[in-house]
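The opening residue of the sequence shown carries number 3 in the numbering used here; numbering runs sequentially from there.
For reference, the structure is listed below as structure tokens.
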Amino acid sequence: MTKTLTIRRPDDWHLHLRDGAMLRAVLPETTAHFARAIIMPNLFPPVVTFAQAQDYHARILAALPEGAEFTPLMALYLTEDTDPDDVAAAHASGLVHAVKLYPAGATTNSASGVANFDTIRAVLERMAEIGLPLCVHGEVTDDDIDIFDREAVFIDRVLDPIRQATPGLRVVMEHITTRNAVDYATAQDDTLGATITTHHLVINRNHILAGGIKPHYYCLPVAKREEHRLALRAAATSGDARFFLGTDSAPHTDANKLLPCGCAGCFTATNTMSILAHVFEEEQALERLEGFASLNGPAFYRLPVNETRLTLTKTPATFPSHIETEDGPVTVFDPGFVPNWTVV
Ligand code: DOR
Ligand code: ZN
């Protein structure tokens, strides 16, 4: 008999859906498996205010495939001019579940992000008061810091000082990529959570750079050395409730990935659950997949777990190499192996 695994329906605590034709093309890939997702606000222009989040929320609902049951959890893009009252109103409405901190210049559409962290003090204090999580893209942007060190340096220079200065602020370290981040997260209290992507459990920096340059494996934060990938796998499969799934599935057309200065992002919405089941089984932790993908996230965000279920069978998974969009094809992340598990 084929082995099956049934878990509570998972959520994606870090997702890029974009807008317009791209939104329509990628949204069904997520709603096929996930009940909710924190929607990244790095559109151009970014989703800064409550009013902008309401509009974007409406556009996502309008793009939902027929019959899909999916709740977009909106996030506001933090700028140096963000109004604490607007943030509090957004949170009180129940529509907005996080505020996203992009250090200015760190990644795709982060130009409106924060350069001077002193300017966001009042917003952070209000967020600590009302219990609204801050999602952090944790990389410094200084030219003189090596790109492979930018996460570790951010923890020391920016993240820890912010947390020390703002007791009670609830923070999610997003898409962590280093042992340093795992160690830091593990040493904190329950005001800190950390998301881990699917692709960072699978690739290290050799996948990007050895044997020819592979733009489809380029994302930010960039994948690090093997020892860091192993630390991420240990954290994700440990059962520690601080770690949960945020895919950072980030669609870009192939044309935009394959440029001399190509975009950062791996598109994993389509095959994330199969790959995760494969990875968790390899780590002899299949029974912990539900915690990572379906339980720990809601606990951190103080939301109920999903009542519906997702079932996978132990059958080799097949996926399209890319999905079609009106803007051109988007390549689906290739894990470099055939995942042993298929979502039914
Ligand atoms: O690889 C990434 N892609 N990392 C990010 O932080 C942003 C994302 C995007 O929006 O494309
Ligand atoms: Zn992201």
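Even for Gly, the Cβ is constructed at its ideal location relative to N, Cα and C.
- Query: Below 9 Å between beta carbons: does that hold for Lys226 and Phe150?
  - Reply: yes
- Would you give the residue range spanned by the alpha helix (DSSP H) that Asp88 belongs to? Counting along the chain, the alpha helix (DSSP H) containing Asp88 begins and ends at Pro86 to Ala94.
- Message: Within a Cβ cutoff of 7 Å, which residues of the same chain sit near Asn298, ignoring the five residues on either side of it in sequence?
- Response: Sequence-distant partners of Asn298 (beyond 5 residues in either direction) whose C-beta falls short of 7 Å from its own C-beta, in its chain, are Ala243, Phe245 and Phe246.
- Answer with buried or exposed for Gly214, where buried requires no fewer than 16 other C-beta atoms within 10 angstroms of its C-beta. Burial call: exposed.
- Message: Cutting at 7 Å between CB atoms, please list the residues of its own chain near Thr4, excluding the five before and the five after it.
- Response: Hits under 7 Å: Thr315, Lys316 and Thr317.
- Distance between Pro253 and Ser296 (C-alpha atoms, nearest Å): 23 Å
- Three CB pairs or more closer than 8 Å across the stretch 95-114 and the stretch 61-72: no
- Task: Would you mind listing the beta strand (DSSP E) stretches within the stretch 107-141 that are 3+ residues and don't spill past its ends, in chain order?
- Result: 136-138
- Span of the alpha helix (DSSP H), counted from its first residue to its last, around Ile62: Phe52 to Ala65
- Task: Out of Phe36, Thr180 and Ala196, point me to the one whose CA is closest to Pro223's CA.
- Result: Thr180
- Message: By the DSSP assignment, the beta strand (DSSP E) with Pro74 in it spans what residues?
- Response: Thr73 to Tyr79
- Task: Assign Ile215 to one of three DSSP states: helix, strand, or coil.
- Result: coil
- Query: Beta-carbon separation of Thr249 and Val334 under 9 Å?
  - Reply: no
- Task: Taking Phe245 as part of the beta strand (DSSP E), name the residues at either end of that continuous run.
- Result: Residues Phe245 to Leu247.
- Task: Establish whether the CB of Asn44 and some CB of chain B are separated by less than 9 Å.
- Result: Although the question refers to chain B, the structure presented lacks it and comprises just one protein chain.
- Name the DSSP beta bridge partners of Lys102, please? Tyr79 and Cys137
- Three-way DSSP call (helix, strand, coil) for Ile205 in this model: coil
- Which ranges does the beta strand (DSSP E) cover as unbroken runs of at least 3 residues, wholly within the stretch 250-303, from first to last along the chain? none
- Task: Identify whether Met175 lies in helix, strand or coil by the three-state DSSP scheme.
- Result: strand
- Query: Ordered along the chain, which non-local residues of its own chain (more than five positions away) have a Cβ less than 8 Å from that of Ala187?
  - Reply: Correct list, in chain order: Met175, Ile178, Leu194, Gly195, Ala196, Ala237, Arg244 and Phe245.
- May I ask whether a heavy atom of ligand 1 can be found less than 8 Å away from the beta carbon of Ala100? no
- Item | Extent of the continuous alpha helix (DSSP H) run through Gly22 | Gly22 to Thr33
- Please go through the same chain and pick out, in chain order, the residues whose beta-carbon is closer than 8 Å to the beta-carbon of Gly140, but skip the five residues on each side of it. Glu153, Phe156, Ile157, Val160, Leu161, Met175, Glu176, Ile178, Ala183 and Pro223
- Message: Mapping the DSSP letters down to three states, classify Ala37 as helix, strand or coil.
- Response: Note: Ala37 maps to coil in three-state DSSP.
- Among Glu326, Gln286, Thr6 and Thr81, which has the Cα closest to the Cα of Thr121? Thr81
- Item | Ala225: first and last residue of the uninterrupted alpha helix (DSSP H) it sits in | Element bounds for Ala225: n/a, residue is neither H nor E.
- Message: I need the DSSP call for Arg10, collapsed to helix, strand or coil.
- Response: strand
- Where Asn206 and Lys216 are concerned, what is the direct C-alpha to C-alpha distance, given to the nearest angstrom? 12 Å
- Item | Backbone CA spacing between Asp14 and Cys137 [nearest angstrom] | 13 Å
- For Thr272, which option in Gly96, Phe321, Asn44 and Asp191 has the closest C-alpha, if you only look at C-alpha atoms? Phe321
- Query: Any heavy atom of ligand 2 within a distance shorter than 8 Å of the CB on Asp21?
  - Reply: Asp21: no, Cβ never under 8 Å from ligand 2.
- Which ranges would you report for the beta strand (DSSP E) in the stretch 300-324 if only whole runs of at least 3 residues count? At a cut-off of 3 residues, the continuous stretches assigned as beta strand (DSSP E) that sit fully inside the stretch 300-324 are 311-315.
- What did DSSP end up calling Thr188 once you bin it into helix, strand or coil? helix
- Find the nearest neighbour of Asp145 within the set Ala108, Gln190, Ala279 and Val116, judged by alpha-carbon distance. Ala108
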